[in-house]
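**Q** 178 is the number that the numbering used here gives the last residue of the sequence shown; the numbers go up by one with no jumps. In this text, a Cβ means the ideal position worked out from N, Cα and C, and glycines have one as well. Input: one structure, supplied below.
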Amino acid sequence: MELLTKQPTMKLPAEWFTGDAWADVIHRGEEPSRARANAVRFAPGARTAWHSHGLGQTLYIVEGIALIQSRAGEILEAHPGDVIWTPPGEEHWHGAAPDHFMTHIALWETDEVAWLDHVTDAEYGGPRTSTRR
46 MELLTKQPTM
56 KLPAEWFTGD
66 AWADVIHRGE
76 EPSRARANAV
86 RFAPGARTAW
96 HSHGLGQTLY
106 IVEGIALIQS
116 RAGEILEAHP
126 GDVIWTPPGE
136 EHWHGAAPDH
146 FMTHIALWET
156 DEVAWLDHVT
166 DAEYGGPRTS
176 TRR
């Protein structure tokens, strides 16, 4: 067993994010492991750019309200306890609702991420479907 040293919180780059977002590394597996886990905190209205992951990504919503969308899909309004899976190569974005901070745990297996265009305000402001029924 080993107690790992916590790395400093990092501000996420404007090239990949609109608004303010920060990440704390939870786990970054050493070869041969590919496991990755970050706690990511988004200010209200902050979001990723469109992107895709080579081996997919799982998001576990910890607090606040998350907005998540795949290309040509509707915006999903996710809540604490919800788990969202995006399959390999699926272009998507995720971030906080305009009136709430949001934290999620992001889990993925490779640093193969294709970063694309920023999400427009019109895309971000589109209609949403809540996970709460």
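Would you identify the three-state DSSP class for D166, choosing helix, strand or coil?
**A** It is helical.
**Q** CB W95 to CB E136, shorter than 8 Å?
**A** Yes, the pair counts as a contact, with Cβ atoms nearer than the cut-off.
**Q** For G74 and A80, what's the separation of their Cα atoms in angstroms?
**A** Distance between the alpha carbons of G74 and A80: 5 Å.
**Q** Would you call the region 103-121 and the region 62-74 touching, i.e. three or more CB-CB distances under 8 Å?
**A** Contact between the region 103-121 and the region 62-74 is absent, because fewer than three Cβ pairs lie under 8 Å.
**Q** Report the option in P77, H149, A117 and A141 whose CA atom is closest to the CA atom of I129.
**A** For the residues P77, H149, A117 and A141, the minimum Cα distance to I129 belongs to H149.
**Q** Taking C-beta to C-beta, are F87 and G170 nearer than 8 Å?
**A** For F87 and G170, no; Cβs fall outside 8 Å.
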